[in-house]
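Numbered by mature numbering (1 follows the signal peptide of the UniProt record, and there is no 0), the letters in the sequence shown go through residues -20 to -1, 1 to 333 in order. Please read the structure below before turning to the comments.
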Amino acid sequence: MDRRFVLLLALAATLLSSLAATPPADACTRLVYLGAHDDVITARSMDWKTDVATNLWIFPRGMARNGQAGPNSVTWTSKYGSVIASGYEVSTTDGMNEAGLVANVLWLVESEYPGYDGRGPGLSIAAWAQYVLDNYGTVKEAVEALRAQPFTVVTDKVPGEDRLATLHLSMSDASGDSAIIEYIGGKQVIHHSRDYQVMTNSPVFDQQLALNTYWKQIGGTVMLPGTNRAADRFARASFYVNAIPKSEDPVKALASVFSVIRNASVPFGINTPEEPNISSTRWRTVADHKRKLYFFESALTPNTFWVDLKDIDFSKETGKVLRLDLGPDQRNVFAGNTVKDFRPAEPFVFQGL
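Structure (structure tokens):
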């Protein structure tokens, strides 16, 4: 047996044993498809044990924002309009801006944020993804700015729970570039590469990459892990997102990407008491960066619908804040391009200190 493979096997065994002791968390999967003709499509699933009270929002350019972290909160004015999926109507969990930049936040129980004494600029974790969507058009631009740590990310409790929100952030853009930002041991860690197409939950991202190297040695056509654990979803998504055809038909490409994110989803109703890190997939989004289409699929409705960002007035002068009410458990049924179904609304306030 190849010595390098034996070492990878030993490393994988060590990482997998550490996963067994991982504290409870909730799960999600994010993947980026790099297709023909420079097509880029990002998909994510939202796995959570209860309704996340998600609705879709349209935010125009020129919105005055506050980081909701106390008197020294970072402030900004949005440079880009965006379509986002909210969480509990107090946070941005997912979205795409008019430049084609996508941001997703996923659970990472190992996250540990810097202490915040209120003296420097602060940003509520609820507004982390929105800050990126409002200010940057590409992953490179965002990474260059965020490396300087212009603010401290400040976390708070999950609505209705006693635990703190522990998240990591992924970004992808119309060029296919990707970045993952985590806070480990109170320090910001940025992973930036076009190769970083997949992100799930525990373990931290560099350990996810090590596990994926092990599965690549085995080969996805020989065997793939089939459980709902984060490491197994990472392996399946990594294999399939590169195994599906690079179709020149954008509709077929979308169908392939949807099939991969569904493959990495947790069946609805699966919430394992002895393994709280496994929760039902409640909804999925798929963002077509090139065609500026943002698709939404709820587990509890029969239709997949979309928002065509090209049909939206994002201008500061006449653009409006609009909301698409998805209903409890995202049960409201929509079809086709839903831009016309959004209604004017007051923007939600990010949860903060």
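Cβ atoms here follow ideal geometry from the backbone N, Cα and C, with glycine treated the same way. This structure is a prediction, so every number in the text was calculated from the model and none was measured.
- Unbroken beta strand (DSSP E) stretches of 3 residues or longer found wholly inside the region 59 to 123: 62 to 67, 71 to 77, 82 to 87 and 102 to 104, given in chain order.
- Per the coordinates, the alpha-carbon of M179 lies some 21 Å from the alpha-carbon of N251.
- Per the C-alpha coordinates, the member of L113, A190 and A215 positioned closest to D74 is L113.
- Taking one beta carbon from each stretch, the region 85 to 104 and the region 223 to 237 have fewer than 3 pairs nearer than 8 Å; the two do not touch.
- Counting along the chain, the unbroken beta strand (DSSP E) around L36 starts and ends at L36 to F39.
- Per DSSP, reduced to three states, the secondary structure at V12 is strand.
- Distance from W286 to T261 at the Cβ level is roughly 19 Å; contact not present, criterion being Cβ atoms closer than 8 Å.
- Rounded to whole angstroms, the gap between the alpha carbons of P205 and R311 is 32 Å.
- Inter-segment contact for the region 70 to 86 and the region 26 to 35 is present: three or more beta-carbon pairs are separated by less than 8 Å.
- Contact between A122 and F330 does not hold, since their C-beta atoms are separated by about 19 Å, which reaches or exceeds 8 Å.
- Between V63 and Y274, the beta carbon gap of about 5 Å places them in contact (Cβ cut-off 8 Å).
- Membership of K300 in any beta strand (DSSP E) is not indicated, and neither H nor E is assigned to it by DSSP.
- Among the bridge pairs identified by DSSP, Y274 is matched with A267 and V287.
- For W87 and T146, the gap between their C-alpha atoms comes out near 6 Å.
- By the neighbour-count criterion, in which a residue is buried when 16 or more other Cβ atoms sit within 10 angstroms of its Cβ, D293 is exposed.
- Non-local beta-carbon contacts of A44 in its own chain, meaning distances under 6 Å to residues more than five positions away in sequence, involve T57 in chain order.
- Less than 8 Å divides the Cβ of L144 from the Cβ of D136.
- For the pair R264 and S245, the CB atoms are nearer than the 8 Å cut-off.
- Within the DSSP secondary-structure output, W56 pairs in a beta bridge with R45.
- Secondary structure at V329: coil, using DSSP grouped into helix, strand and coil.
- In the assembly as shown, V231 is an exposed residue. Its beta-carbon has fewer than 16 other beta-carbons within 10 Å.
- Cβ atoms of G61 and P40 come within 8 Å of each other, at about 5 Å.
- By alpha-carbon distance to N52, the top candidate from T30, A233 and D97 is D97.
- Separation of the CB atoms of L280 and D309 is rounded to 5 Å, and the pair is thereby assigned contact status at 8 Å.
- Residue pairing of E162 in beta bridges, as defined by DSSP: V169.
- Relative to the Cα of G316, the nearest Cα in the group E277, V133 and A109 belongs to E277.
- Here the alpha carbons of D229 and A235 stand approximately 10 Å from one another.
- A direct Cα-to-Cα measurement between K29 and C8 gives close to 11 Å.
- Within 10 angstroms of the beta-carbon of S66 lie 16 or more other beta-carbons, which makes it buried.
- Taking the Cβ atoms as the reference, V240 lies roughly 6 Å from L11, within the contact range of under 8 Å.
- The criterion of a C-beta distance shorter than 8 Å is satisfied by L304 and D321.
- L191: member of the alpha helix (DSSP H) spanning F185 to I198, first to last residue.
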